[in-house]
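Chains as they are written, first to last, in full-length UniProt numbering: chain A, 1 to 198; chain B, 1 to 295.
What follows is a set of notes on a single structure, which appears directly below.
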């Protein structure tokens with residue numbers, strides 16, 4: 001069984017753990033740098049990106065996360081997690097982990113009173129996905145190798161670039177595990193590819 | 001398909017995203033920025049922190065909208081604000097201003113001693129205080145999307161928050177283990193909506209998050225509340241009434257995340273300066289107990 005970590009510094013951790021287990025993978029709650037080594041993939045959950053960043057910085061986790069990305073292990077960011085993955089965050093001088101070639105704008109759908117849910121159609125994944133947007137960011141611009149998997153109101157809200165999957169909304173707040181199943185498939189393929197290497 | 005705003009999932013989901021985090025009381029833009037920089041997941045914009053409300057006496061009301069606006073402009077994290085229990089117009093004003101979460105709070109002087117707000121009528125989510133499962137369930141029944149212990153605000157004394165967290169969690173465990181034929185009687189005893197007890201029985205937990213609040217004064221206090229099952233922590237007077245707020249705020253954030261890493265808590269608790277001076281609960285006059293406001 002593949003081992004998938006959930007970065008557990010702050011945010012909706014339990015929900016992701018439930019989704020990972022529901023699609024038949026091992027879920028590991030990650031609070032410390034050394035735990036990253038044993039993982040095949042990592043979920044960066046929703047929460048507050050500023051809070052997560054402070055906590056990442058204080059324990060030397062940033063370097064380890066970039067290393068994790070550099071060896072090509074898959075990472076899946078939802079909402080704040082997408083902000084952590086992005087190469088550029090609007091109105092911010094430097095990115096966070098900065099490994100996925102997208103430009104992201106925070107709180108781009110407005111404040112909490114504007115937060116919403118709707119049924120979204122996802123390329124390669126399926127129709128009628130219950131998408132819950134909470135003070136959500138969106139992808140303003142995507143690099144040439146980024147595959148757009150969903151748009152809403154003309155904005156990119158789900159995209160993949162190689163081992164990185166970024167999502168504006170919160171699949172973990174619903175019982176629909178199709179996006180997590182898609183990510184776990186990415187992780188399985190990455191493990192097989194690594195094993196095939198001489 | 002059209003966007004649906006203000007649904008239960010959107011309101012409760014917002015609170016889910018705050019889990020494992022610290023929400024800090026602030027009274028101006030400068031404090032809000034210190035809180036954000038320290039890693040707060042949200043700030044509560046107030047005119048006065050609870051210990052000052054206690055000291056000032058008189059009627060405590062919703063903050064001056066100017067302060068709320070100033071805080072909203074200063075930070076990118078969510079901004080919460082307090083309305084008096086049952087004060088429909090204060091709540092509507094805060095909603096109209098675009099505040100991200102409203103605390104229908106016993107820290108302010110209640111506007112209605114009989115009825116709480118019907119929070120399901122609003123697009124903005126609400127957090128409410130509770131001392132036991134009956135109170136928690138009634139607030140959820142009215143539409144609260146998040147709970148917190150009442151504790152005893154502005155005292156710097158954790159004892160009441162501990163009591164309330166233990167009480168709610170013990171009652172949740174009890175309801176979870178009940179057989180279906182026992183639940184209606186339990187609903188009657190608790191004064192709780194029956195359907196909600198069915199849901200708790202099925203989930204094995206509350207359907208909304210429950211934070212600790214009311215008396216958190218040190219990093220160890222915050223970690224204690226997490227240990228007891230809190231989803232996160234509100235810190236009111238504790239931070240900006242301490243000697244070194246920026247350092248204190250960071251330490252509380254770290255202790256909340258790593259609440260079982262005792263060496264780390266020892267490390268971050270060193271030379272933090274003097275925490276707020278606390279109040280022994282038994283020395284409080286009964287009429288000064290904020291937790292007895294609301295029902």
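Positions of the beta carbon are idealized from the N, C-alpha and C atoms, including for glycine.
{"Asked": "Min CB distance residue 101 of chain B to chain A below 9 angstroms", "Found": "yes"}
{"Asked": "Inside the segment 83–150 of chain B only - alpha helix (DSSP H) runs reaching at least 4 residues", "Found": "88–96 and 133–142"}
{"Asked": "Length of the line joining the Cα atoms of residue 143 of chain B and residue 64 of chain A", "Found": "42 angstroms"}
{"Asked": "Chain-ordered neighbours of residue 9 of chain B on chain A, where CB pairs are closer than 7 angstroms", "Found": "117, 132 and 173"}
{"Asked": "Any C-beta of chain B under 9 angstroms from that of residue 138 of chain A", "Found": "no"}
{"Asked": "Selection from A/179, A/102 and A/141 that minimises the alpha carbon distance to residue 169 of chain A", "Found": "A/179"}
{"Asked": "Entirely enclosed beta strand (DSSP E) segments - the segment 230–257 of chain B, minimum 3 residues", "Found": "233–235"}
{"Asked": "Residues of its chain near residue 17 of chain A, where Cβ-Cβ distance is below 8 angstroms and the 5 sequence neighbours each way are ignored", "Found": "6, 27 and 29"}
{"Asked": "Assigned secondary structure, residue 81 of chain A (DSSP; H/G/I helix, E/B strand, else coil)", "Found": "helix"}
{"Asked": "Nearest to residue 42 of chain A (by Cα), restricted to the options A/57, A/51, A/67 and A/59", "Found": "A/67"}
{"Asked": "Amino acids of chain B, ordered along the chain, whose beta-carbon sits closer than 9 angstroms to that of residue 15 of chain A", "Found": "16"}
{"Asked": "Proximity test, residue 246 of chain B beta-carbon vs the ligand FAD heavy atom, cut-off 8 angstroms", "Found": "Annotation note on the ligand FAD: not contained in the displayed structure, which lists no ligands."}
{"Asked": "Residues that DSSP places opposite residue 192 of chain B in a beta bridge", "Found": "Answer by DSSP bridge pairing: none, since residue 192 of chain B is not bridged."}
{"Asked": "Run of the alpha helix (DSSP H) containing residue 221 of chain B, from where it starts to where it stops", "Found": "219–227"}
{"Asked": "Start-to-end residues for the alpha helix (DSSP H) that takes in residue 160 of chain A", "Found": "From DSSP, residue 160 of chain A is part of no alpha helix (DSSP H) but of the beta strand (DSSP E) over 155–161."}
{"Asked": "Bridge-paired residues (DSSP) for residue 96 of chain A", "Found": "Answer is none; residue 96 of chain A lacks a bridge partner."}
{"Asked": "DSSP bridge partner residues for residue 173 of chain A (one or two, in chain order)", "Found": "In the DSSP output, where bridge partners are listed per residue, residue 173 of chain A has none listed."}
{"Asked": "Buried versus exposed, by CB contacts within 10 Å (16 or more), residue 19 of chain B", "Found": "buried"}
{"Asked": "Within 9 angstroms, strictly: CB atoms of residue 51 of chain B and residue 236 of chain B", "Found": "yes"}
{"Asked": "Cutoff 6 angstroms; reference residue 53 of chain A; Cβ partners in own chain excluding five residues on either side", "Found": "96"}
{"Asked": "Contact with chain A by residue 83 of chain B, beta-carbon distance below 9 angstroms", "Found": "no"}
{"Asked": "Own chain residues within Cβ distance below 6 angstroms of residue 105 of chain B, not counting five before or after", "Found": "82"}
{"Asked": "Beta-carbon separation (whole angstroms), residue 173 of chain A vs residue 48 of chain A, contact threshold 8 angstroms", "Found": "Not really, about 16 angstroms apart at Cβ, beyond 8 angstroms."}
{"Asked": "In DSSP terms, what residue 26 of chain B is bridged to", "Found": "B/45"}
{"Asked": "Below-9 angstroms beta-carbon distance, residue 171 of chain B vs any chain A residue", "Found": "no"}
{"Asked": "Residue range of the beta strand (DSSP E) that includes residue 18 of chain A", "Found": "Careful: residue 18 of chain A lies outside any beta strand (DSSP E), inside the alpha helix (DSSP H) at 13–22."}
{"Asked": "Short Cβ contact (9 angstroms threshold) for residue 19 of chain A with residue 177 of chain A", "Found": "yes"}
{"Asked": "Separation of residue 6 of chain B from residue 97 of chain B, as counted between CA atoms", "Found": "15 angstroms"}
{"Asked": "Unbroken beta strand (DSSP E) run spanning residue 128 of chain A, endpoints", "Found": "126–133"}
{"Asked": "In DSSP terms, what residue 26 of chain A is bridged to", "Found": "A/3"}
{"Asked": "Residue 121 of chain A, enclosing beta strand (DSSP E) - first and last residue", "Found": "116–122"}
{"Asked": "Rounded straight-line distance, which links the Cα of residue 185 of chain B to that of residue 133 of chain B", "Found": "14 angstroms"}
{"Asked": "Chain B within 9 angstroms of residue 176 of chain A, Cβ atoms only", "Found": "no"}
{"Asked": "At least three beta-carbon pairs within less than 8 angstroms, the segment 184–198 of chain A to the segment 38–48 of chain B", "Found": "no"}
{"Asked": "Cutoff 9 angstroms: residue 219 of chain B Cβ touching any chain A Cβ", "Found": "no"}
{"Asked": "Below-9 angstroms beta-carbon distance, residue 287 of chain B vs any chain A residue", "Found": "no"}
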